[in-house]
Every structure is written in structure tokens, then in C-alpha cells.
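Novice: Right, I'll just put the structure down here and ask away after.
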Amino acid sequence: MPWWTGLAVLAVSALFGAALSSLISFNFALWFVFTAVLYVMISYAVTRAKVNRRQARDKMWKNLVYLAFIIALLPLFSVIWSVTSIGIPGLLEPGFLASDMQGIDGTTDQRSQEEGAPVLGGIRHALVGSLLITLTATFISVPIGLMTSIYLVEYARGGKLSRAITFFVDVMTGIPSIVAGLFGAAAMGWFLGVGNSLGLPLPSRSTMGITAAIALSVLMIPVVVRTTEEMLRVVPNELREASYALGVRKWRTILKVVIPTAISGIAAGVTLAIARVIGETAPILVTAGFVVSNNWNLFQGWMTALPVYIFRQFQNPTSPNFSDPSHQRAWAAALVLIIIVMGLNLTARIIATIFAPKKTGR
Numbered sequence: 001m002p003w004w005t006g007l008a009v010l011a012v013s014a015l016f017g018a019a020l021s022s023l024i025s026f027n028f029a030l031w032f033v034f035t036a037v038l039y040v041m042i043s044y045a046v047t048r049a050k051v052n053r054r055q056a057r058d059k060m061w062k063n064l065v066y067l068a069f070i071i072a073l074l075p076l077f078s079v080i081w082s083v084t085s086i087g088i089p090g091l092l093e094p095g096f097l098a099s100d101m102q103g104i105d106g107t108t109d110q111r112s113q114e115e116g117a118p119v120l121g122g123i124r125h126a127l128v129g130s131l132l133i134t135l136t137a138t139f140i141s142v143p144i145g146l147m148t149s150i151y152l153v154e155y156a157r158g159g160k161l162s163r164a165i166t167f168f169v170d171v172m173t174g175i176p177s178i179v180a181g182l183f184g185a186a187a188m189g190w191f192l193g194v195g196n197s198l199g200l201p202l203p204s205r206s207t208m209g210i211t212a213a214i215a216l217s218v219l220m221i222p223v224v225v226r227t228t229e230e231m232l233r234v235v236p237n238e239l240r241e242a243s244y245a246l247g248v249r250k251w252r253t254i255l256k257v258v259i260p261t262a263i264s265g266i267a268a269g270v271t272l273a274i275a276r277v278i279g280e281t282a283p284i285l286v287t288a289g290f291v292v293s294n295n296w297n298l299f300q301g302w303m304t305a306l307p308v309y310i311f312r313q314f315q316n317p318t319s320p321n322f323s324d325p326s327h328q329r330a331w332a333a334a335l336v337l338i339i340i341v342m343g344l345n346l347t348a349r350i351i352a353t354i355f356a357p358k359k360t361g362r
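Numbering-wise, the sequence shown is residues 1 to 362 according to UniProt numbering.
This is the structure:
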């Protein structure tokens, strides 16, 4: 068949799809469904008539696979398009990234909505909170996850302890984020209670940044363990055996041979674990609370992160009667969060490429 047959079938399907959807109530989703169904049917009929039944069936299944791929991408592109188109105006407001919400009240938002004044207030304090909490959670999770994985792969050899660790890691993987937040709050509350009873100069409340970091580390550790474990198992045993044959001790083999070989996958896995937890709302809301100004101290006072900021701006607008400025700030903050997550995923790909073992030819 000519090369333009597919384009012609697609054009005819799109026209008939638009006509059918207009008979009901035209919208993009309905038009897409009609167009996709018509394209598969017409393409099958044309191929069967011009070629043969076998190739027609092959083309039909190929089109169904492509259709499933497009349907899988639609929600992603829909979310990105919605957040970008609605969030760009707020992101372009002067000082949005460099200011916080201190001094912003209902009168400020009322003036912005009624008089068309610039929307004041920003996300600086939320960016600071997300950065500090996530970095601290990473510093807690990575050593624990890395050492656990090394034990499971290099030392355990399928013993009872390794099976128990694997079981609990699987359980931790499925823990709801709100449960991790409650655990962090309870653990920190118990620790502060014991410390205060001993007369130690500790804070009286557990709602602070370090508690949120502990809660997020509960969610990060199983991801780091699983990713690192898989990367360590990929390392060929021949490399270990060659090192042992040279008289190198086991711990030094792990440090100098195994980990450098798997470093690309480990680094990419850690980056993806960070992207996994940086958007969590429930554990941070429970453990760190919400504040309108900067707080650089993880061990004292409430702290705000980007997901909590977005939630508060939608759920509790600064001015309930004039909520447009709050919603604009929320959409802009959501756009910033998506950019950060996409950047982390891209960074993981770059790290995996840069640190991947290089093939050497002779």
C-alpha cells in the first residue's frame, strides 16, 4: 500500500470522529475515543481488502499497542499541560520564588483580586523547608539502605536474618505515607519525653523539620535498599573472585570493586527515591506543620514544605471570599514541584549514563 494510506485513514477517522462526537456533545476525550476506534476498524478493513487477512490482523494488533501507549501517556501530558498553563502566570509574578507569606493577609489578596494588583507572597520558605527536610532524610536513608543492601547481597547468603530483613523491607515499601508520618511524630515525641524527663535541654514539641525528615526516611529506606540490592546483584561474580584471588579482603573488595561497578545504578536509585518523597504531603503535614516564614532550624519550630504549601493554599485560602490569589500561588507552586521532580528524574538518567561502566575494546 502507498505510504500515505495511514495518514489518509487517520484523517478520515478524525473527521468522522468529530462528526459523531458533535452529535452527542463535542469534547476532546469523546472525539479521541471515536477517532481511535474508527482508525483501528478502517485500517483493518483497508489492509484486508488491499493485502490479505494475515497482515490486516497484524496491523490491527500493532495499532492497538500504539493506542494503548498513547492512552498511557495522555494522563501525564494532561497533568503537565494543566499545571503549566494555569501555573505560569503565578510563577512569573515578581518575587514569587524569593518571598514568603509573612505579612500576606486577606486584605492583600482582596486588593489583588478586586483592583488587579500584583499577587504578593511566595514560596521561599516552602522551598527552604523542602530542601532541608529532603536532604536530611537522604543523609539518614542512604547509609542505612546501602549497608542493608551490602549485607543482603554480600554476607547474608539467604539466611534467616536476611529473609526477615527482606520481609520487613517489603512491608515498609507498602506503608502508607500518613502512617510513616505518625510513626515519626510518635518516635520523636517519645524521645523528647525521655530526654526532658532526664533534664536535657530538648524542645517540648515534636513538630519540627527533623521529625519530618525521619518520617520521609521511613519511606526512602526501602526504595534505596531495593534499588541498591538489585544493582549489587548485577555486578559479575568474576570481579569479586578476581579480587579475592589477588588476596584482597572482602570488605575492601566491596569498597573498591563492587560499589564502584554499581555506582551508576545506586546513584540513580537514590535520586529516584528523593523524587519519590519530595512530593509527600501527609507525613510533613503531621510532623512539621505549617508556617508562613523561613525557618532554617530543623530542630526548633514548625517548617513548611512545597506539598503542604500547595495543600494549604487550596484548602485554606488566605482570604476565603477572594481565593483566586491563593489558588494562583498553589498552581504556581505545583508547577515548581513538577519541575523539581522532572529535574530529579532527568538527573537520575544523566548520572546512570555518566557513571555507567565503560566498555573497552582491544
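The beta-carbon is built from N, C-alpha and C at its ideal position, and this holds for glycine as well. What you are looking at is a predicted structure, and each value in this text was computed from that prediction instead of being measured.
With residue 181 as the anchor, note down where its alpha helix (DSSP H) starts and where it stops.
Specialist: Taking the first residue of the sequence shown as 1, we reach residue 181 at position 181. Here the alpha helix (DSSP H) through residue 181 covers 177-197.
Novice: Quick check on DSSP: helix, strand or coil for residue 220?
Specialist: Numbered from 1 along the sequence shown, position 220 holds the residue referred to as residue 220. Residue 220: helix per DSSP, three-state reduction.
Novice: Put residue 305 into one of helix, strand or coil per three-state DSSP.
Specialist: As a position in the sequence shown, residue 305 is number 305, starting the count at 1. DSSP places residue 305 in coil when its eight states are reduced to three.
Novice: What is the rounded straight-line gap between the Cα of residue 17 and the Cα of residue 83?
Specialist: Position 17 of the sequence shown, counting from 1, holds the residue named residue 17. Position 83 of the sequence shown, counting from 1, holds the residue named residue 83. Their backbone Cα atoms lie some 28 Å apart in a straight line.
Novice: For residue 1, collect the residues of the same chain with a Cβ closer than 8 Å to its Cβ; drop the 5 residues on either side in sequence, then sort them by chain order.
Specialist: Within the sequence shown, the letter at position 1 stands for residue 1. Contacts found: 46, 47, 50 and 51.
Novice: Report back the beta-carbon spacing between residue 262 and residue 231 to the nearest angstrom; my notes put them in contact at under 8 Å.
Specialist: Within the sequence shown, residue 262 is the residue found at index 262, counting from 1. Within the sequence shown, residue 231 is the residue found at index 231, counting from 1. At roughly 4 Å, the Cβ-Cβ gap stays under 8 Å, so residue 262 and residue 231 are in contact.
Novice: Skipping 5 residues on each side, what residues in its chain have a beta carbon closer than 7 Å to that of residue 362?
Specialist: For this step, residue 362 is matched to residue 362 along the sequence shown. Bear in mind that the predicted position of residue 362 carries a pLDDT of just 46, short of 50, making it unreliable; the figure below should be weighed with that in mind. Cβ within range, chain order: n/a, list empty.
Novice: Should residue 147 be labelled buried (16 or more other beta-carbon atoms within 10 Å of its own) or exposed?
Specialist: Walking along the sequence shown from the start, residue 147 turns up at place 147. Exposed: under 16 other Cβ atoms inside 10 Å.
Novice: According to the neighbour-count rule (16 or more other Cβ atoms, all chains shown, within 10 Å of its Cβ), is residue 253 buried or exposed?
Specialist: Taking the first residue of the sequence shown as 1, we reach residue 253 at position 253. That one is buried.
Novice: Tell me, please, whether the region 283-295 touches the region 190-201 by the rule of three or more beta-carbon pairs shorter than 8 Å.
Specialist: No: the two stretches stay apart, fewer than three of their Cβ pairs being nearer than 8 Å.
Novice: Tell me the rounded alpha-carbon separation between residue 35 and residue 15.
Specialist: The residue you call residue 35 lines up with position 35 of the sequence shown. The residue you call residue 15 lines up with position 15 of the sequence shown. Spanning the two alpha carbons is a distance of roughly 8 Å.
Novice: Would the beta-carbon of residue 351 fall within 8 Å of that of residue 267?
Specialist: The sequence position of residue 351 within the sequence shown is 351, counting from 1. The sequence position of residue 267 within the sequence shown is 267, counting from 1. Yes. Within cutoff.
Novice: Taking residue 137 and residue 309 to be in contact with their CB atoms under 8 Å, please state how far apart those CB atoms are, rounded to whole angstroms.
Specialist: Here residue 137 is taken as the residue at index 137 of the sequence shown, counted from 1. Here residue 309 is taken as the residue at index 309 of the sequence shown, counted from 1. Residue 137 to residue 309, Cβ: 18 Å. No contact.
Novice: Between residue 311 and the rest of its own chain, which residues show a CB-CB distance below 6 Å, the 5 nearest in sequence each way excluded?
Specialist: Taking the sequence shown and counting its residues from 1, the one referred to as residue 311 is at position 311. Once the five neighbours on either side are set aside, the close Cβ partners of residue 311 are 281.
Novice: Buried or exposed for residue 54, please, with buried defined as at least 16 other CB atoms from any protein chain shown within 10 angstroms of its CB.
Specialist: The residue given as residue 54 occupies position 54 in the sequence shown. Label assigned to residue 54: exposed.
Novice: Quick one: grab the DSSP three-state call for residue 55.
Specialist: Sequence index remark: in the sequence shown, residue 55 carries index 55 (1-based). In the three-state DSSP reduction, residue 55 falls in the helix class (H, G or I).
Novice: Would you kindly work out how many angstroms separate the C-alpha atoms of residue 196 and residue 355, rounded to a whole number?
Specialist: For the purposes of this step, residue 196 is taken as residue 196 along the sequence shown, with counting starting at 1. For the purposes of this step, residue 355 is taken as residue 355 along the sequence shown, with counting starting at 1. Each residue's Cα considered, the two are about 47 Å apart.
Novice: What does a CB cutoff of less than 6 Å around residue 326 pick up in its chain, not counting 5 residues either side in sequence?
Specialist: Start at 1 with the first residue of the sequence shown, and residue 326 comes out as number 326. These residues qualify, in order along the chain: 313, 317 and 318.
Novice: Taking the beta carbon of residue 201 as the centre, do at least 16 other beta carbons fall within 10 Å, making it buried, or is it exposed?
Specialist: To locate residue 201, count along the sequence shown from 1; it is residue 201. Burial call: exposed.
Novice: For residue 210 and residue 226, I'd like the C-alpha separation in whole angstroms.
Specialist: As a working note, residue 210 is residue 210 in the sequence shown. As a working note, residue 226 is residue 226 in the sequence shown. Straight-line Cα distance between these residues: approximately 24 Å.
Novice: So, using beta-carbon positions, are residue 278 and residue 340 closer together than 8 Å?
Specialist: As a working note, residue 278 is residue 278 in the sequence shown. As a working note, residue 340 is residue 340 in the sequence shown. A contact, by the Cβ cut-off of 8 Å.
Novice: Can you give me the C-alpha to C-alpha distance between residue 246 and residue 152, rounded to a whole angstrom?
Specialist: Position 246 of the sequence shown, counted from the first residue, corresponds to residue 246. Position 152 of the sequence shown, counted from the first residue, corresponds to residue 152. It is roughly 24 Å from the alpha-carbon of residue 246 to the alpha-carbon of residue 152.
Novice: Enumerate, from N- to C-terminal direction, the unbroken alpha helix (DSSP H) stretches of 4 or more residues contained entirely within the region 26-51.
Specialist: 28-50
Novice: In the structure shown, what three-state DSSP assignment does residue 345 receive?
Specialist: Numbered from its first residue, the sequence shown carries residue 345 at position 345. Correct three-state label for residue 345: helix.
Novice: Hey, residue 259 and residue 140: beta-carbon distance below 8 Å or not?
Specialist: Taking the first residue of the sequence shown as 1, we reach residue 259 at position 259. Taking the first residue of the sequence shown as 1, we reach residue 140 at position 140. No; because the gap between Cβ atoms is not below 8 Å, this pair is not in contact.
Novice: Specify the secondary structure class of residue 318 as computed by DSSP and reduced to three states.
Specialist: In the sequence shown, residue 318 corresponds to position 318, counting from 1. Coil.
Novice: With a threshold of 16 other CB atoms inside 10 Å of the CB of residue 96, please say whether the residue is buried or exposed.
Specialist: Position 96 of the sequence shown, counting from 1, holds the residue named residue 96. Under this definition residue 96 is a buried residue.
Novice: Less than 8 Å between the CB atoms is what I'm expecting for residue 185 and residue 162, so what's the real figure, rounded?
Specialist: Mapped onto the sequence shown, residue 185 falls at position 185. Mapped onto the sequence shown, residue 162 falls at position 162. So it is not a contact: roughly 31 Å between Cβ atoms.
Novice: Could you spell out where the alpha helix (DSSP H) holding residue 287 opens and where it closes?
Specialist: By 1-based counting over the sequence shown, the position of residue 287 is 287. From DSSP, the alpha helix (DSSP H) with residue 287 extends over 282-287.
Novice: Tell me which same chain residues have a C-beta within less than 8 Å of the C-beta of residue 155, skipping the five on either side of it?
Specialist: As a first step, residue 155 is located in the sequence shown; it is residue number 155 there, counting from the start. The answer is none, since no qualifying residue turns up.
Novice: Grouping DSSP H, G and I as helix and E and B as strand, with all else coil, what is residue 275?
Specialist: By one-based count along the sequence shown, residue 275 stands at place 275. Look at residue 275 here: in three-state DSSP terms it is helix.
Novice: How many angstroms separate the CA atom of residue 122 from the CA atom of residue 333?
Specialist: Translated into positions along the sequence shown, residue 122 becomes position 122. Translated into positions along the sequence shown, residue 333 becomes position 333. Their Cα atoms are separated by approximately 9 Å.
Novice: Tell me whether the beta-carbon of residue 336 lies closer than 8 Å to the beta-carbon of residue 101.
Specialist: Looking up residue 336 in the sequence shown gives position 336. Looking up residue 101 in the sequence shown gives position 101. No, these two residues do not count as a Cβ contact at 8 Å.
Novice: Under the rule that 16 or more other beta-carbon atoms within 10 Å means buried, what is residue 273, buried or exposed?
Specialist: As a working note, residue 273 is residue 273 in the sequence shown. By the 10 Å Cβ count, residue 273 comes out buried.
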